[in-house]
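What follows is a short report on a single structure.
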Amino acid sequence: MSSSLSGRTVLVTGATSGIGYETARRLAERGATVLLHGRTPEEAHAAADRLVATAGVDGARLRPLAADFVRLEEVENLAHAVVREHPRLDVLVNNAAIAAPERHTLTADGNEISFQVNFLAHYLLTTMLERALTSDPGGRVVNVSSALHRTGAIQWNDPQRVRRYSRLAAYAQSQLALTVFAADPRVTAVSVDPGVCETGLLPLYGHEGAPAAEGAQHVVRLCDPATEIVNGAYYDRSERVTPAPAATEDRTVKRLNKLADLLVGHIA
6 MSSSLSGRTV LVTGATSGIG YETARRLAER GATVLLHGRT PEEAHAAADR
56 LVATAGVDGA RLRPLAADFV RLEEVENLAH AVVREHPRLD VLVNNAAIAA
106 PERHTLTADG NEISFQVNFL AHYLLTTMLE RALTSDPGGR VVNVSSALHR
156 TGAIQWNDPQ RVRRYSRLAA YAQSQLALTV FAADPRVTAV SVDPGVCETG
206 LLPLYGHEGA PAAEGAQHVV RLCDPATEIV NGAYYDRSER VTPAPAATED
256 RTVKRLNKLA DLLVGHIA
């Protein structure tokens, strides 16, 4: 069967487990070249090997890449490597995420860890890949967000939540920021809540979740150029719904960009 994803190049962050892994599998099965990102080279290669061995994916379609999002320098190196080897990228799936830890934790870059891994690293990666992300029809960014973004607030005066820390509030802030970022006019982007799935993040949501493959199918649908999208749109699984009010405010988008540029030390 000919697929509209065939011949396309897609970078999936956090592709070594959960929804990211299942997304990579489905994309490769449908003929896309998948840049499979993991925290370490070992994890990325192991995931690629597993896809070849268990899903019968053609290894030629997989390119393992590594960067630990806890270090922004590694994110920059990842972006440079992608641009060098794949000057034309069709889709970027910003999926990597961690649950905020029980205790307030700062990265070496000085950012609250879930804000950096879930949002700032993706912000930096997306802005650095802007030139490679093709403006051809179908070129897009898909942010894997969460319904918890609705409970979040961006603490503009204390984004690192040094003064008052709660893991749920920190995680929700990171997801809200990612959802707001989808409305950035620089690239065509959407956000999707894939539903509560059996992944490492499940404890934040409750005890039961759908299989990760089910969540992945909502992500893959949005990667498909046959699916028309509107910049900044937000999907609850397969249905387009209205995100939190902040996610549609131009003023919030601009303010978040300013804050993110400052925190990633990125001189545009």
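In this text, residue positions in the sequence shown follow our numbering: the first is 6, and each later residue adds one.
All residues carry an ideal CB built from backbone N, CA and C; glycine is no exception.
{"Check": "Does DSSP classify R35 as helix, strand or coil?", "Outcome": "coil"}
{"Check": "Can you tell me which of the three DSSP states H42 falls into?", "Outcome": "strand"}
{"Check": "Return the Cβ separation of N99 and L181 in integer angstroms, given the expectation that the two are a contact with Cβ distance under 8 angstroms.", "Outcome": "Contact flag wrong, Cβ pair sits at about 14 angstroms."}
{"Check": "Can you tell me where the beta strand (DSSP E) with T14 in it begins and where it stops?", "Outcome": "T14 to V17"}
{"Check": "Can you give me the Cβ contacts of S9 inside the same chain, cut-off strictly under 7 angstroms, excluding the 5 residues immediately before and after it?", "Outcome": "D229, P230 and A231"}
{"Check": "Check whether the Cβ atoms of A37 and T14 lie closer than 8 angstroms to each other.", "Outcome": "yes"}
{"Check": "What are the complete alpha helix (DSSP H) segments, minimum 4 residues, inside the region 155-190?", "Outcome": "172-186"}
{"Check": "Please look up how many angstroms separate the CB atoms of G19 and A101, rounded, as I've assumed it's under 8 angstroms.", "Outcome": "3 angstroms"}
{"Check": "I'd like to know if the region 37-47 and the region 66-76 are in contact, where contact means that at least 3 CB-CB pairs between them fall below 8 angstroms.", "Outcome": "yes"}
{"Check": "From what residue to what residue does the alpha helix (DSSP H) around N278 run?", "Outcome": "What is shown of the chain runs 6 to 273, which leaves residue 278 out entirely."}
{"Check": "Roughly how many angstroms lie between the CA atoms of Q165 and E81, to the nearest whole one?", "Outcome": "21 angstroms"}
{"Check": "In the DSSP assignment, the beta strand (DSSP E) including L67 goes from what residue to what residue?", "Outcome": "L67 to A71"}
{"Check": "To the nearest whole angstrom, what separates the beta carbons of A346 and L67, a pair I think is in contact under 8 angstroms?", "Outcome": "Lying outside 6 to 273, the shown extent of the chain, residue 346 is not represented and no answer is given."}
{"Check": "Which residue's Cα is closest to the Cα of A218: Y239, R31, T156 and L130?", "Outcome": "R31"}
{"Check": "List the DSSP bridge partners of N148.", "Outcome": "N99 and S196"}
{"Check": "Excluding the 5 residues flanking D197 on each side, which residues of the same chain have their C-beta closer than 7 angstroms to its C-beta?", "Outcome": "According to the sequence shown, residue 197 is Val rather than Asp. So the list reads V147, V149, S150, H223, V224, L227 and Y240, once near-sequence residues are dropped."}
{"Check": "What is the DSSP secondary structure of R245, reduced to helix, strand or coil?", "Outcome": "strand"}
{"Check": "With a 10 Å radius around its C-beta and 16 neighbouring C-beta atoms as the bar for buried, classify N162 as buried or exposed.", "Outcome": "exposed"}
{"Check": "Would you report the Cα separation of G270 and A215, rounded to the nearest angstrom?", "Outcome": "38 angstroms"}
{"Check": "By DSSP, does A238 sit in helix, in strand, or in coil?", "Outcome": "coil"}
{"Check": "Does DSSP put A215 in a helix, in a strand, or in coil?", "Outcome": "strand"}
{"Check": "Can you have a look at V258 and say buried or exposed, based on whether 16 or more other CB atoms are within 10 angstroms of its CB?", "Outcome": "buried"}
{"Check": "Three or more beta-carbon pairs under 8 angstroms between the region 169-176 and the region 100-114, yes or no?", "Outcome": "yes"}
{"Check": "Measure how close the beta-carbons of A84 and L134 come, nearest whole angstrom, since I'm counting them as under 8 angstroms.", "Outcome": "6 angstroms"}
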